[in-house]
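One structure is given below, encoded as structure tokens.
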Amino acid sequence: MSVEHSRTVRLSEDLSYVQPTAPLPSWLKGFFVTAVSKGQDSVVQAAIEASNILNDYWFKVAYDAHRIDGEKPYERAEAMWIPGCDACAFVALRPDDNDANVYMCAKAIVEECRKGADWKQPTHVARIVAVEKSSSELELDALARDVLSKHFPERGGDSEPVTFGIHYEEHSPMRHFSSTDVNRFVGSHVPDEGYKVDLKNPRFTICVVNAGGSMMMSVVEAYDALGHFNVHRAAFEDKLSDTVPARGDDSAQPAA
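By full-length UniProt numbering, the letter at position 163 of the sequence shown is numbered 163, and the numbering carries on one by one without gaps.
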């Protein structure tokens, strides 16, 4: 990663934060990253750690093996500040016109952390959440229409309904929105026929993150099963729970 200090949105390894003045560019696709610890230096370390995972040679080889013919792969991952928010970061996939499936990338990272990957396990990153597209908080309508139309096409009313839920979170937002209002507004862009809301076990989860002045959105599967994309928990706590015997059960053996 370049150590060049940018006064726009580039995250610099000198651990300094320069306030950008505009939302994340809407054409960026990548990942919303949170840190295990608080503080700007922790955010920088987490973002660099996340970008290093995505830039890992063998991770990219494994992902490319599952790409659909004709898809343009990403060449590198670049850590950036999120405008108006120094408590989290963004990792963009370059070039901007890549066809990478950010959900599949995030899912692969969680799964590899759970089983023990060859790369160094993340110690600074808390969560790596897929982001298909972003906008300013004032353009949520256009963002939802663009992202959701790709995942929720019109379906016949006679088919088995596909379930979905919406997860909304805020991090240093420029403007607060209630989750009820966001859920109602975003959900209105999902067709009525062929889909239904399931708050307990949805097949798809629409992830909406409001950080600084940017709204970020993606549609993922198995959000709860993947631990809300908490890679730190996947790397340490999830494996620990598989190997530590339950209290009072001395005969328990580590999981295979």
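Think of the CB as a built atom: it goes at the ideal place given N, C-alpha and C, for glycine as much as any other residue.
Stretch pair the segment 129 to 139 + the segment 207 to 220: three plus CB contacts closer than 8 Å: yes
Quick one, which of 109, 152, 120 and 181 has its alpha-carbon nearest residue 127's? Along the sequence shown, read from residue 1 onward, the residue named residue 127 stands at position 127. Residue 109 is the option with its Cα nearest to residue 127.
Here's the rule: buried if 16 or more other CB atoms are within 10 angstroms of the residue's CB, otherwise exposed. What is residue 232? The residue labelled residue 232 in the question sits at position 232 within the sequence shown. By the neighbour-count rule (16 or more Cβ atoms within 10 Å), residue 232 is buried.
Residue 175 burial status per 10 Å Cβ neighbour count (16 or more: buried): Numbered from 1 along the sequence shown, position 175 holds the residue referred to as residue 175. Residue 175 comes out exposed.
Under a three-way DSSP split, which group does residue 78 fall into? Position 78 of the sequence shown, counted from the start, is the residue given in the question as residue 78. Reduced to three states, the DSSP call for residue 78 is strand.
Would the segment 89 to 104 and the segment 167 to 186 be scored as touching if the rule is three or more Cβ pairs under 8 Å? no
Using the C-alpha atoms, what's the distance from residue 194 back to residue 105? On the sequence shown, position 105 is the one that residue 105 refers to. On the sequence shown, position 194 is the one that residue 194 refers to. Looking at the two C-alpha atoms, the distance is approximately 28 Å.
Residue range of the alpha helix (DSSP H) that residue 226 falls in? The residue given as residue 226 occupies position 226 in the sequence shown. Per DSSP, residue 226 belongs to no alpha helix (DSSP H) and is neither H nor E.
Just verifying my parser: in three-state terms, what is the DSSP assignment at residue 68? Working through the sequence shown from its first residue, we reach residue 68 at position 68. It is coil, neither helix nor strand.
Which of helix, strand or coil DSSP assigns to residue 189: In the sequence shown, the residue the question calls residue 189 occupies position 189. Of the three classes helix, strand and coil, the one that applies to residue 189 here is coil, per DSSP.
Report back the beta-carbon spacing between residue 33 and residue 125 to the nearest angstrom; my notes put them in contact at under 8 Å. Position 33 of the sequence shown, counted from the start, is the residue given in the question as residue 33. Position 125 of the sequence shown, counted from the start, is the residue given in the question as residue 125. Going by Cβ atoms, the distance from residue 33 to residue 125 rounds to 6 Å, so yes, they are a contact pair.
Whole angstroms are fine: how far does the CA of residue 156 sit from the CA of residue 11? Within the sequence shown, the letter at position 11 stands for residue 11. Within the sequence shown, the letter at position 156 stands for residue 156. Only weak support exists for where residue 11 lies, its pLDDT of 49 falling under 50; the value from the coordinates is given anyway. When rounded, the distance between both Cα atoms is 46 Å.
Return helix, strand or coil for residue 210, following the three-state DSSP convention. For the purposes of this step, residue 210 is taken as residue 210 along the sequence shown, with counting starting at 1. In this structure, residue 210 counts as strand in the three-state DSSP scheme.
Which same chain residues, not among the five before or five after residue 49, have their C-beta less than 8 Å away from its C-beta? Your numbering for residue 49 matches position 49 in the sequence shown. Same-chain partners within the cutoff: 122, 123, 124 and 125.
Can you give me the Cβ contacts of residue 203 inside the same chain, cut-off strictly under 8 Å, excluding the 5 residues immediately before and after it? Residue numbering aside, residue 203 sits at position 203 when the sequence shown is read from its first letter. Result list for residue 203: 162, 163, 164 and 221, in chain order.
Hey, out of 85, 208 and 99, whose CA is closest to residue 139's CA? The residue you call residue 139 lines up with position 139 of the sequence shown. The candidate whose alpha carbon is nearest that of residue 139 is 208.
Looking at residue 102 and residue 147, is the spacing between their C-beta atoms short of 8 Å? Locating residue 147 in the sequence shown gives position 147, where the first residue counts as 1. Locating residue 102 in the sequence shown gives position 102, where the first residue counts as 1. Taking the C-beta atoms as reference points, residue 102 is found no nearer than 8 Å to residue 147.
When the Cα atoms are used, what is the spatial distance from residue 96 to residue 235? Within the sequence shown, the letter at position 96 stands for residue 96. Within the sequence shown, the letter at position 235 stands for residue 235. Residue 96 and residue 235: Cα-Cα distance of roughly 29 Å.
Let me check one thing: in DSSP terms, what residues is residue 92 bridge-paired to? In the sequence shown, counting from the first residue as 1, residue 92 sits at position 92. Its beta-bridge partners are 30 and 78.
Suppose contacts are defined by Cβ-Cβ distances below 8 Å. Is residue 26 in contact with residue 35 by that definition? Taking the first residue of the sequence shown as 1, we reach residue 26 at position 26. Taking the first residue of the sequence shown as 1, we reach residue 35 at position 35. The beta carbons of residue 26 and residue 35 sit no closer together than 8 Å.
Report all residues from its chain with a CB closer than 8 Å to the CB of residue 142; omit the five preceding and five following residues, and keep chain order. Within the sequence shown, residue 142 is the residue found at index 142, counting from 1. Same-chain partners within the cutoff: 135.
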